Amino acid sequence: MVLELRNAKKTFGEGNTLVEAMKETNFLVERGELVAVIGPSGSGKSTFLTVAGALQTPSEGEVIINGKELSQLNEKQRSKIRLQEIGFILQASNLVPFLTVDQQLELLNKVKKDNMTKDEQRKLYEDLGITKLRKNYPSDLSGGERQRVAIAKALFSKPAILLADEPTASLDSDRAFEVMELLRNETKSNQTATIVVTHDIRLIQYVDKVYKMTDGVLKLESSAEMALDSTE
Amino acid sequence: MFLAWSEIKKNKLRFLLITSILLLVSFLVFFLSGLANGLASMNREAIDSWKVDAVLLTEESDKSLYESALDRKIADELDAKETAVISQMGAIANNGDTKQNVMLFGIDREEFIKPEVSEGDPTFYVQNGVVASDVLKDEGFKIGDTLELSSTDTKLTIVGFTEKARFNASPILYMKLNDMQKIKYGDAYTMNKDLVNAIVIRDKDWATLSLPDNTEIIETETFIESLPGYTEQNLTLTYMIYFLFVISAAIVAIFLYVLTVQKISMFGLMKAQGISSAYLARSVIAQTFILALIGVVLAFGLTLLAGSFLPNGVPIMFDIPTMIIYGVVLIVVAILGAVISVWTIIRIDPLEAIGG
Ligand SMILES: Nc1ncnc2c1ncn2[C@@H]1O[C@H](COP(=O)(O)OP(=O)(O)OP(=O)(O)O)[C@@H](O)[C@H]1O
Ligand SMILES: [Mg+2]
Numbered sequence: 036m037v038l039e040l041r042n043a044k045k046t047f048g049e050g051n052t053l054v055e056a057m058k059e060t061n062f063l064v065e066r067g068e069l070v071a072v073i074g075p076s077g078s079g080k081s082t083f084l085t086v087a088g089a090l091q092t093p094s095e096g097e098v099i100i101n102g103k104e105l106s107q108l109n110e111k112q113r114s115k116i117r118l119q120e121i122g123f124i125l126q127a128s129n130l131v132p133f134l135t136v137d138q139q140l141e142l143l144n145k146v147k148k149d150n151m152t153k154d155e156q157r158k159l160y161e162d163l164g165i166t167k168l169r170k171n172y173p174s175d176l177s178g179g180e181r182q183r184v185a186i187a188k189a190l191f192s193k194p195a196i197l198l199a200d201e202p203t204a205s206l207d208s209d210r211a212f213e214v215m216e217l218l219r220n221e222t223k224s225n226q227t228a229t230i231v232v233t234h235d236i237r238l239i240q241y242v243d244k245v246y247k248m249t250d251g252v253l254k255l256e257s258s259a260e261m262a263l264d265s266t267e
Numbered sequence: 016m017f018l019a020w021s022e023i024k025k026n027k028l029r030f031l032l033i034t035s036i037l038l039l040v041s042f043l044v045f046f047l048s049g050l051a052n053g054l055a056s057m058n059r060e061a062i063d064s065w066k067v068d069a070v071l072l073t074e075e076s077d078k079s080l081y082e083s084a085l086d087r088k089i090a091d092e093l094d095a096k097e098t099a100v101i102s103q104m105g106a107i108a109n110n111g112d113t114k115q116n117v118m119l120f121g122i123d124r125e126e127f128i129k130p131e132v133s134e135g136d137p138t139f140y141v142q143n144g145v146v147a148s149d150v151l152k153d154e155g156f157k158i159g160d161t162l163e164l165s166s167t168d169t170k171l172t173i174v175g176f177t178e179k180a181r182f183n184a185s186p187i188l189y190m191k192l193n194d195m196q197k198i199k200y201g202d203a204y205t206m207n208k209d210l211v212n213a214i215v216i217r218d219k220d221w222a223t224l225s226l227p228d229n230t231e232i233i234e235t236e237t238f239i240e241s242l243p244g245y246t247e248q249n250l251t252l253t254y255m256i257y258f259l260f261v262i263s264a265a266i267v268a269i270f271l272y273v274l275t276v277q278k279i280s281m282f283g284l285m286k287a288q289g290i291s292s293a294y295l296a297r298s299v300i301a302q303t304f305i306l307a308l309i310g311v312v313l314a315f316g317l318t319l320l321a322g323s324f325l326p327n328g329v330p331i332m333f334d335i336p337t338m339i340i341y342g343v344v345l346i347v348v349a350i351l352g353a354v355i356s357v358w359t360i361i362r363i364d365p366l367e368a369i370g371g
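If you read the sequences in order, they're chains D and U. Add 35 to a position in the first sequence, counting from 1, and you land on the number used in my numbering. Add 15 to a position in the second sequence, counting from 1, and you land on the number used in my numbering.
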């Protein structure tokens with residue numbers, strides 16, 4: 036077990052303006068497991084993902100990553116956990132504008148050890164179809180290409196946990212399927228715990244489990260419901 | 016360094032702008048320091064060349080050589096290691112072609128103050144012979160020139176030139192004390208022939224000397240600072256330089272801050288990834304250092320280059336150690352200007368950068 040939320044809850048504001056973005060949540064993801072979180076806009080998916088990814092602290096409850104209780108850590112230590120254990124693929128493209136594709140990954144080599152080898156990196160580029168783009172700056176990439184580079188960047192550091200917020204939002208369906216396929220392969224071969232937030236119901240065929248977020252409540256979908264959803 | 020360099024290489028124009036502003040400010044600082052140094056040495060180079068520890072003047076002269084008059088026999092009564100007397104007089108010298116404001120210094124040829132000549136006769140053998148400051152050469156004065164003085168009929172002859180002989184911005188003509196006293200006092204010569212302006216002293220223990228009544232002994236540096244206009248001029252230029260330090264800090268601070276604000280979401284994303292604030296802050300500081308270093312070094316070279324094209328009359332003298340110190344200060348000050356940006360980076364919340 037690599038990531039666990041125990042009675043974790045996230046609220047914003049107070050009194051009349053109180054928003055329960057994420058109601059009391061218990062959640063567990065194992066190594067080698069790929070889970071999807073679906074749900075309508077504003078239901079709390081990103082909140083869930085950022086709490087799980089040590090980007091914000093829960094108002095109540097505990098987040099445990101690799102056995103470490105995050106509430107016991109300060110921001111500096113949480114930042115280190117993010118660097119060492121977590122790969123983020125975000126809704127907005129998370130590329131540095133003045134670095135080439137290669138340099139985006141090289142930056143990680145500057146701040147962290149145990150990233151992919153040159154060979155693994157080459158293979159990753161192949162899988163994502165970005166080999167030809169390695170000398171390009173983000174401004175010279177299409178939205179989908181940027182998204183694929185962001186994925187390469189997240190996988191490059193060989194994280195124990197991979198958190199993706201709408202990773203396929205700006206991709207056409209063929210590419211989207213390929214990316215899900217890739218995420219699945221990475222999850223299995225590197226024994227990563229991967230959480231993908233998505234709107235695209237067609238993608239859930241690639242995942243092991245589906246959670247549905249409704250008004251801040253996270254609920255595991257049964258296989259039957261999954262089947263029903265996917266035929267809608 | 017990796018981030019810092021990559022960004023500079025990608026956004027050359029942006030960083031060229033800030034470097035060139037730093038370059039111009041540094042250039043101005045170096046030039047002003049050269050001017051301050053040059054003007055200072057116009058005032059003090061003769062005194063510095065004497066290598067004296069203190070100057071004896073009359074009390075009521077208020078530290079002014081011009082106002083002081085004392086008996087040269089006082090020198091014999093002083094228990095100082097080495098002394099030399101100076102009798103001074105301002106004049107306008109005319110060699111037939113050129114008129115020039117000069118300072119006549121009557122000295123005893125047996126005493127240490129006697130100038131070393133770079134050219135000509137060191138003995139002042141000729142009556143009314145003078146050893147002149149070599150800056151007069153640039154004005155067209157030559158060895159053998161006969162000089163008419165504004166205040167007397169006596170004519171002087173240039174027998175030699177010496178370096179570093181300006182006092183309070185005027186070139187010095189060194190001459191024998193006796194010849195000088197005749198010019199200075201005219202008919203009253205016999206009565207006043209022992210009256211000199213000052214006695215300069217080489218003795219580290221000058222402060223313990225017992226002094227005759229109505230005299231005052233002051234350290235050489237104090238004496239120089241009391242020269243008319245010297246301190247005011249120096250302070251003005253020094254304040255201008257300090258002000259330029261503040262300006263360059265402000266320019267760097269504003270420029271970097273604008274750049275940093277533009278990159279807030281990018282920094283936020285990197286922080287979300289777990290890249291530490293310290294790494295990002297170091298990168299901004301490294302960037303500032305690189306830019307400031309390039310600007311200052313270029314300005315340094317440019318200053319020396321421009322200096323070599325200046326006409327002789329311009330009182331600019333570059334003092335390399337001072338310039339190096341100012342250069343270092345400029346770089347340090349630029350880095351201080353980056354502090355606001357560093358502070359901004361530290362405060363960025365990675366969550367905000369990620370948004371929805
Ligand atoms: N910092 C915040 N302050 C106040 N309210 C917030 C904050 N962050 C999120 N919320 C609220 O919490 C709720 C859940 O937001 P969240 O971003 O998690 O939704 P989401 O499921 O990711 O939506 P989307 O699919 O549009 O990305 C929303 O009502 C949002 O307005
Ligand atoms: Mg969201």
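Even for Gly, the Cβ is constructed at its ideal location relative to N, Cα and C. For clarity, every value in this text was computed on a predicted model and none was experimentally measured.
Can you determine whether any heavy atom of ligand 1 sits closer than 6 Å to the C-beta of GLY56 of chain D, and answer yes or no? Working through the first sequence from its first residue, we reach residue 56 of chain D at position 21. The amino acid at residue 56 of chain D is misidentified as Gly; the sequence shows Ala. Yes, the Cβ of ALA56 of chain D comes within 6 Å of a heavy atom of ligand 1.
Under 7 Å, Cβ to Cβ, is there at least one residue of chain U near VAL245 of chain D? Walking along the first sequence from the start, residue 245 of chain D turns up at place 210. Chain U, which has no Cβ nearer than 7 Å to the Cβ of VAL245 of chain D, makes this no.
Run through the region 258-290 of chain U for me and flag every whole alpha helix (DSSP H) of 4 or more residues, listed as ranges in chain order. Fully enclosed alpha helix (DSSP H) runs of no fewer than 4 residues occupy 279-287 of the region 258-290 of chain U, in order along the chain.
Give a yes or no on whether 7 Å exceeds the smallest Cβ distance from ASN171 of chain D to chain U. Taking the first residue of the first sequence as position 1, residue 171 of chain D is located at position 136. No - not a single Cβ of chain U is within 7 Å of the one on ASN171 of chain D.
Quick one, are the C-beta atoms of ALA189 of chain D and PHE123 of chain D less than 7 Å apart? For the purposes of this step, residue 189 of chain D is taken as the residue at position 154 of the first sequence. For the purposes of this step, residue 123 of chain D is taken as the residue at position 88 of the first sequence. Against a cut-off of 7 Å, the Cβ pair of PHE123 of chain D and ALA189 of chain D comes out as a contact.
Count the other CB atoms within 10 Å of the CB of LEU143 of chain D; is the residue buried (16 or more) or exposed (fewer)? If you number the first sequence from 1, residue 143 of chain D lands on position 108. When all chains shown are included, LEU143 of chain D counts as buried.
Report all residues from its chain with a CB closer than 8 Å to the CB of LYS103 of chain D; omit the five preceding and five following residues, and keep chain order. Position 68 of the first sequence, counting from 1, holds the residue named residue 103 of chain D. If we look at LYS103 of chain D and ignore the five residues flanking it on each side, its Cβ neighbours are ILE116.
Mind pulling the chain U residues with CB within less than 8 Å of THR85 of chain D? If you number the first sequence from 1, residue 85 of chain D lands on position 50. Within chain U, the residues near THR85 of chain D are LEU366 and ILE369.
Of the residues D:GLY74, D:LEU163, D:ARG219 and D:VAL242, which one's Cα is nearest the Cα of MET248 of chain D? Looking up residue 248 of chain D in the first sequence gives position 213. Distance check between MET248 of chain D and each of D:GLY74, D:LEU163, D:ARG219 and D:VAL242 places D:GLY74 closest, using alpha-carbon atoms only.
Answer with buried or exposed for ARG183 of chain D, where buried requires no fewer than 16 other C-beta atoms within 10 angstroms of its C-beta. Indexing the first sequence from 1 puts residue 183 of chain D at position 148. The residue in question, ARG183 of chain D, is buried, as its Cβ has 16 or more Cβ neighbours within 10 Å.
Cβ distance (whole Å) where LYS66 of chain U is taken to contact ARG217 of chain U below 8 Å: Position 51 of the second sequence holds residue 66 of chain U. Position 202 of the second sequence holds residue 217 of chain U. The Cβ separation is near 7 Å, so the contact holds.
ARG29 of chain U - partner residues in DSSP beta bridges: Residue 29 of chain U sits at position 14 when you count from the first residue of the second sequence. The partner list for ARG29 of chain U (beta bridge, DSSP) is empty, contrary to what the question assumes.
Euclidean distance between Cα positions of GLN139 of chain D and PHE17 of chain U: Along the first sequence, read from residue 1 onward, the residue named residue 139 of chain D stands at position 104. Along the second sequence, read from residue 1 onward, the residue named residue 17 of chain U stands at position 2. Approximately 11 Å between the Cα atoms of the pair.
Going by beta-carbon coordinates alone, are ALA307 of chain U and LEU37 of chain U separated by less than 7 Å? Start at 1 with the first residue of the second sequence, and residue 307 of chain U comes out as number 292. Start at 1 with the first residue of the second sequence, and residue 37 of chain U comes out as number 22. Yes; because the gap between Cβ atoms is below 7 Å, this pair is in contact.
Short CB-CB distance (under 7 Å) between TYR257 of chain U and chain D: Start at 1 with the first residue of the second sequence, and residue 257 of chain U comes out as number 242. No - not a single Cβ of chain D is within 7 Å of the one on TYR257 of chain U.
Closer than 7 Å by beta-carbon distance: list the chain D residues that pair up with ALA314 of chain U, in chain order. Counting from 1 along the second sequence, the entry for residue 314 of chain U is found at position 299. The contacting residues do not exist; ALA314 of chain U stays about 27 Å from chain D at best.
So, is LEU255 of chain D buried or exposed, given that buried needs 16 or more other C-beta atoms within 10 angstroms? As a position in the first sequence, residue 255 of chain D is number 220, starting the count at 1. Exposed is the call here.
Taking all protein chains shown into account, do 16 or more other C-beta atoms lie within 10 angstroms of the C-beta of LEU218 of chain D, making it buried, or fewer, making it exposed? Here the question's residue 218 of chain D lines up with position 183 in the first sequence. The residue in question, LEU218 of chain D, is buried, as its Cβ has 16 or more Cβ neighbours within 10 Å.
DSSP puts ASN109 of chain U in a beta bridge; with which residues? Counting from 1 along the second sequence, the entry for residue 109 of chain U is found at position 94. Note: ASN109 of chain U is bridge-paired with U:LYS114 and U:GLU163 in the DSSP secondary-structure output.
Counting pairs of Cβ atoms below 8 Å between the region 233-242 of chain D and the region 63-72 of chain D, do you hit three or more? Segment contact: the region 233-242 of chain D against the region 63-72 of chain D, three or more CB-CB distances shorter than 8 Å; contact assigned.
Could you tell me which residues DSSP puts in a beta bridge with GLY121 of chain U? For the purposes of this step, residue 121 of chain U is identified with residue 106 of the second sequence, where counting begins at 1. Bridge partners of GLY121 of chain U according to DSSP: U:SER102 and U:MET190.
Distance between beta carbons of SER102 of chain U and LEU226 of chain U, contact taken as under 8 Å: Taking the first residue of the second sequence as position 1, residue 226 of chain U is located at position 211. Taking the first residue of the second sequence as position 1, residue 102 of chain U is located at position 87. Contact between LEU226 of chain U and SER102 of chain U does not hold, since their C-beta atoms are separated by about 20 Å, which reaches or exceeds 8 Å.
Would you identify the three-state DSSP class for ASN51 of chain D, choosing helix, strand or coil? Reading the first sequence from its first residue, position 16 is the one you call residue 51 of chain D. ASN51 of chain D carries a helical assignment under DSSP once its states are collapsed to helix, strand and coil.
Check this for me: beta carbons of ASN58 of chain U and ASN183 of chain U, under 7 Å apart or not? Position 43 of the second sequence, counting from 1, holds the residue named residue 58 of chain U. Position 168 of the second sequence, counting from 1, holds the residue named residue 183 of chain U. Cβ distance < 7 Å, so ASN58 of chain U and ASN183 of chain U count as in contact.
Output, in chain order, the set of chain U residues within a Cβ distance shorter than 7 Å of LEU197 of chain D. Here residue 197 of chain D refers to the residue found at position 162 when the first sequence is read from its first residue. Per Cβ cutoff of 7 Å: no residues; LEU197 of chain D is ~12 Å from chain U at best.
8 Å contact criterion, which MET285 of chain U and LEU271 of chain U should meet: CB distance rounded: Walking along the second sequence from the start, residue 285 of chain U turns up at place 270. Walking along the second sequence from the start, residue 271 of chain U turns up at place 256. Not confirmed; about 17 Å, so no contact.
Any idea which residues DSSP pairs PHE1 of chain D with across the strands? With chain D running from 36 to 267 in the structure shown, residue 1 of chain D is simply not present.
Which residue spans inside the region 223-248 of chain D form an unbroken beta strand (DSSP E) run of at least 3? The region 223-248 of chain D contains these whole beta strand (DSSP E) runs: 228-232.
Starting from LYS152 of chain U, trace the alpha helix (DSSP H) in both directions and tell me its first and last residue. As a position in the second sequence, residue 152 of chain U is number 137, starting the count at 1. For LYS152 of chain U, the uninterrupted alpha helix (DSSP H) segment begins and ends at 150-153.
Taking DSSP's pairing of strands, which residues face ILE196 of chain D in a bridge? Residue mapping note: residue 196 of chain D aligns to position 161 of the first sequence, counting from 1. Per DSSP, D:ILE121 and D:ALA228.
With 16 other CB atoms within 10 Å as the buried threshold, where does TRP221 of chain U fall? Stepping through the second sequence from its first residue, residue 221 of chain U is reached at position 206. A residue is called buried once 16 or more other Cβ atoms fall within 10 Å of its Cβ, and TRP221 of chain U is buried on that count.
Kindly indicate which three-state DSSP category THR251 of chain U falls into: helix, strand or coil? Here residue 251 of chain U is taken as the residue at index 236 of the second sequence, counted from 1. It is helical.
Specify, as a first and last residue, the run of the alpha helix (DSSP H) that ILE339 of chain U falls within. Translated into the one-based positions of the second sequence, residue 339 of chain U becomes position 324. Residues 335-352.
In terms of residues, what are the limits of the beta strand (DSSP E) holding THR73 of chain U? The residue given as residue 73 of chain U occupies position 58 in the second sequence. Looking at the DSSP string, the run of the beta strand (DSSP E) that includes THR73 of chain U is 69-73.
Nearest CA to the CA of ALA87 of chain D: which residue from D:TYR241, D:GLU49 and D:ARG113? The sequence position of residue 87 of chain D within the first sequence is 52, counting from 1. Ranking D:TYR241, D:GLU49 and D:ARG113 by Cα distance to ALA87 of chain D puts D:ARG113 first.
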